[in-house]
Amino acid sequence: MMTYITLLLLASITFTTRYLFLEGKLPIRLGPNIRCLLSFSGPAVLTAIFIPILFIHQQQLDISMSNAYLWGGLAASIAAYKTSSVYWTIALGTGLFLLTGMFF
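Mapping of the sequence shown onto our numbering: residues 1448 to 1551, in sequence order.
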């Protein structure tokens, strides 16, 4: 029962904090400095998620040539920079990941 109460409480807190910024009729406005600061939160969170996936395998740092995750991530990064296309980024990153996984 305590788990359900905790989940409902956390869900309501999450909803409330997001609703305050998404509802246009509320008189809450963020200043330009806060908006600029918040623009870095997305890349920071994504970096914190994918860096351990790319570089750590079996609790050890893996920067070897046989690391398929590293090659796929490198291809995806280059594709994202060069093409700015989500489709090309996914296709090239996944393709090189699969090819590297087959050969190493």
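C-beta: ideal position from N, C-alpha, C; glycine also. Keep in mind the model is a prediction, meaning the values are calculated, not measured.
According to DSSP, residues forming a beta bridge with residue i
i       : result
Gln1507 : His1504
Endpoints, alpha helix (DSSP H) assigned at residue i
i       : result
Ser1524 : 1515 to 1530
Ser1486 : Taken as a continuous stretch (DSSP letters only), Ser1486 belongs to no alpha helix (DSSP H), as it is neither H nor E.
Gly1548 : 1533 to 1550
Arg1465 : 1449 to 1469
Nonlocal neighbours in the same chain, by C-beta distance under 8 Å from residue i, ignoring five residues either side
i       : result
Leu1467 : Leu1473, Ile1475
Phe1497 : Gly1520
Expected contact under 8 Å - CB spacing of residue i and residue j to nearest Å
i       : j       : result
Ser1513 : Phe1551 : 4 Å
Ala1515 : Gly1540 : In fact, because the Cβ distance is near 11 Å, the residues do not count as touching under 8 Å.
Trp1518 : Ala1526 : The Cβ separation is near 12 Å, so there is no contact.
Cutoff 6 Å; reference residue i; Cβ partners in own chain excluding five residues on either side
i       : result
Ser1531 : none
Ala1495 : none
CB contact below 9 Å: residue i versus chain B
i       : result
Ser1486 : Protein chain content of the structure displayed is limited to a single chain, and chain B is not contained in it.
- Between the region 1492 to 1507 and the region 1529 to 1545, do at least 3 Cβ pairs fall closer than 8 Å? no
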